[in-house]
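According to my numbering, the residues represented by the sequence shown are 44 to 150, in order. Cβ atoms here follow ideal geometry from the backbone N, Cα and C, with glycine treated the same way. None of these values were measured; they are calculated from a predicted model. Input: a single structure, listed below in structure tokens.
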Amino acid sequence: MSQRCNPCEPVPEEVRQAADLLGRRSMLAIVYASHGGAVRFNEFRQAVGAIPPRTLAARLVELEDAGVLERRVIDARPPRVEYRLTEAGHQLTALIEALRAWASVRR
């Protein structure tokens, strides 16, 4: 019988919170799609792929509430809404790029 030298440590609360937010369907794709600058709703739909509009709208609100995206209403006719990454969002794109590199060598 083998003994384990290092018992499993509890997962830190910060890791759980990040996983709860970013582990949801399409979250990482939405953040990645935002890395080039301001993005509008239909541009997200094209970039992310098959995501229902209600789901996308809910994800955008969650990312805004988490401080990852900022929402800006543009006073035009018709009014437009754009989303941009915050500083925290830009920090996430580096992690997403690392995940992308990791996945590309495991194809």
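R102 is classed as buried because its beta carbon has at least 16 other beta carbons within 10 Å across all chains shown.
Residue environment for S147: exposed (fewer than 16 other C-beta atoms within 10 angstroms of its C-beta).
As summarised for the stretch 86 to 145, the continuous beta strand (DSSP E) elements at least 3 residues long and confined to that stretch are 112 to 117, 123 to 128, given in chain order.
Three or more Cβ pairs closer than 8 Å define a contact, and the stretch 52 to 59 falls short of that threshold against the stretch 117 to 134. Secondary structure note for A72: its alpha helix (DSSP H) is the uninterrupted segment 70 to 76. A distance below 6 Å between beta-carbons, with the five flanking residues on each side excluded, links G92 to no residue of its chain. The alpha-carbon separation between A137 and D63 amounts to approximately 19 Å. In the structure shown, V82 falls within a strand segment according to DSSP collapsed to helix, strand and coil. Within its own chain, the residues whose Cβ lies closer than 8 Å to the Cβ of R67, once the five positions on either side in sequence are excluded, are R102, E105, listed in chain order. Secondary structure of V148 (DSSP, three-state): coil. Non-local C-beta neighbours of G132 in its own chain, meaning closer than 7 Å and more than five positions away in sequence, comprise V74, S77, V111, L112, ordered along the chain.
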